[in-house]
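Numbering (this note's numbering), first residue to last: 7 to 151. To keep things clear, I will list the structure first and then write my remarks on it.
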Amino acid sequence: HSPQLVVHVGVSGMATTVTLEKCGHNKGYKGLDNCRFCPGSQCCVEDGPESIDSIIDMDAVCKRVTTLGLDVSVTISQDAGRYLCDFTYYTSLYQSHGRSAFVHVPPLGKPYNADQLGRALRAIIEEMLDLLEQSEGKINYCHKH
């Protein structure tokens, strides 16, 4: 498969905003998941890079979505938590060569309802795809010369 973009969404009990994660981390996994599993190596990919950044400009996505006036606070993070979310994100970034995104959302009702979160996620994904399309258009334009 060669998807345009892979977007993961995870609920964080600590989140009070919709949080765009910039990167995934390879090492430091010590906590057990729900099935009581933790990788023995405490890393996602043996000999993989320490961290992998998304090719999506999360700062630009955050700014663009904030200007839409959705009444949902959107912020940026560089640490998805060294647990299931970060593990999933790093693995996805590794497999997709950076064409992945991870969005943390607060639990429903704390403070946003499902409609607010749905509108925010839709706007975020649309902005991500728009930025990807713009950057690929520039790449294709450059290759035509």
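Just so you know, even glycine gets a beta-carbon here, dropped at the ideal spot from N, CA and C.
Beta-bridge partners of residue i, as assigned by DSSP
i: T23; result: Per DSSP, none; premise fails for T23.
i: S57; result: H31
i: G16; result: H110
Simplified DSSP state of residue i, which is helix, strand or coil
i: K28; result: coil
i: F108; result: strand
i: C49; result: strand
i: D39; result: coil
Integer-rounded CB distance, given that residue j should sit under 8 Å from residue i
i: V109; j: V15; result: 5 Å
i: G34; j: R88; result: 5 Å
i: L99; j: G30; result: 5 Å
i: V24; j: M134; result: The pair is not a contact, with the Cβ atoms about 13 Å apart (cut-off 8 Å).
Closest residue to residue i among the options (Cα-Cα distance)
i: T72; options: S8, E142, E139, L127; result: L127
i: V21; options: D85, H103, S141; result: Strictly speaking, residue 21 in this sequence is Ala, with Val absent from that position. Residue D85 is the option with its Cα nearest to A21.
i: V51; options: Q101, D121, I130; result: Q101
i: S8; options: S83, H103, V111, N119; result: H103
i: R125; options: D92, D65, S47, S79; result: S79
Length-filtered (4 minimum) alpha helix (DSSP H) runs lying within the segment 72-140: 90-102
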